[in-house]
Ligand SMILES: [Zn+2]
């Protein structure tokens, strides 16, 4: 502001400002998400007022996720996906460690179309071309400590080995959080890994004072090899296939309603659900990940709002009961 001009050309500011035509009314998304002028979620109106959930469905391929959504095989996830469809994105890394380091640095999977694409979260970084109006900008090296600085309690529930806290490398990513959980039953060899992770998430939510905001990160191990045990009738000798990968996603879908219910029991929750990278099942002769192949770098992504709904003792009523342990 300048100091007052002794001869102002328009001297009489009205008591109430005149109507300003330009700023458009805040766009109202059908999903209830507050939107930034760029059209994406306005993270500056979500951070501080909402609980936050980040779920990485480790190793989930985009093509398998898209097929299952289309075929009605993952109803509990699909009801939250905008238009019932996964967004196709490119992974920021080809394996768990690289991808999660990037994700926690604010680089979620990138929309699979020419950009630039504004980011939801970004460290303050001179010249960043993907930091926009709706971007939540923090002054720490990573999103987790940025949210912690702004009052969030940060919790990691790990799945694959990079979260197992059993050695220095397996402690790096969990070490970003206030609180980190890993048990063998959360890991890749457990046929009930996701149910166990969700139960721990429910415990975490229950233990937290109501006024404390929560950032919960869950790395889901169920999709990662080995996953043959999720397909009824499959055997170890049959091995992991695209079909057992799909069955693992159906397994996750049967239980994810409980996670969403827990995370929306305290206040509304902004959720990001995505994969960190895909994996190859013999595509072009390749098996596995940490390679540059479309089956690896193409991943499913979604973000959405979970409206606040009070916790009740039938919180898992959006799930089909029963069919868990195989
Ligand atoms: Zn991974």
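Residue numbers (the working numbering): 26 to 351.
Glycine included, each C-beta is placed from N, C-alpha and C at the ideal position.
- Around the C-beta of residue 83, 16 or more other C-beta atoms lie within 10 Å, and the residue is accordingly described as buried.
- C-alpha of residue 62 to C-alpha of residue 330: approximately 18 Å in a straight line.
- According to the DSSP assignment, residue 244 belongs to the beta strand (DSSP E) that extends over 238-245.
- Rounded to the nearest angstrom, the gap between the Cα atoms of residue 113 and residue 89 is 12 Å.
- Counted as a single uninterrupted DSSP element, the alpha helix (DSSP H) harbouring residue 228 occupies residues 218-232.
- Taking 8 Å as the upper bound for CB-CB distance, residue 245 and residue 285 are not in contact here, some 13 Å apart.
- Counting along the chain, residue 162 sits inside the beta strand (DSSP E) bounded by residues 161-163.
- Using a C-beta cut-off of 8 Å, the region 318-333 makes contact with the region 285-299, since at least three inter-stretch Cβ pairs fall below that distance.
- DSSP places residue 175 in the coil class of the three-state scheme, outside both helix and strand.
- Under DSSP, residue 295 shares a beta bridge with 77 and 330.
- Check the Cα spacing between residue 321 and each of 87, 236 and 188: the tightest is with 87.
- With contact defined as three or more Cβ pairs closer than 8 Å, the region 272-286 and the region 300-318 are not in contact.
- The nearest non-hydrogen atom of ligand 1 is 7 Å or more from the C-beta of residue 180.
- Between the alpha carbons of residue 128 and residue 117 lies a gap of roughly 7 Å.
- Residue 123 and residue 187 have their alpha carbons spaced roughly 10 Å apart.
- Residue 170 and residue 209 have their alpha carbons spaced roughly 27 Å apart.
- Using a Cβ distance threshold of 8 Å, residue 59 and residue 77 do not count as a contacting pair.
- In this structure, the alpha-carbon of residue 335 lies about 12 Å from that of residue 235.
- With fewer than 16 other beta carbons inside 10 angstroms of its own, residue 261 counts as exposed.
- Excluding sequence positions up to five before and after residue 172, its CB lies within less than 8 Å of the CB of 72, 77, 163, 179 and 240, all in the same chain and listed in chain order.
- Using a cutoff of 7 Å, the CB of residue 302 counts as near ligand 1, since one of the ligand's heavy atoms is closer than that.
- Here residue 323 has 86, 87, 88, 113, 114, 115, 116, 137 and 303 as same chain residues with Cβ atoms under 8 Å from its own Cβ, once five neighbours each way along the sequence are excluded.
- Between residue 243 and residue 226, the gap from beta carbon to beta carbon is short of 8 Å.
- The beta carbon of residue 314 sits closer than 8 Å to those of 84, 119, 120, 302, 303, 304, 305 and 321, all from its chain and outside the five residues before and after it, given in chain order.
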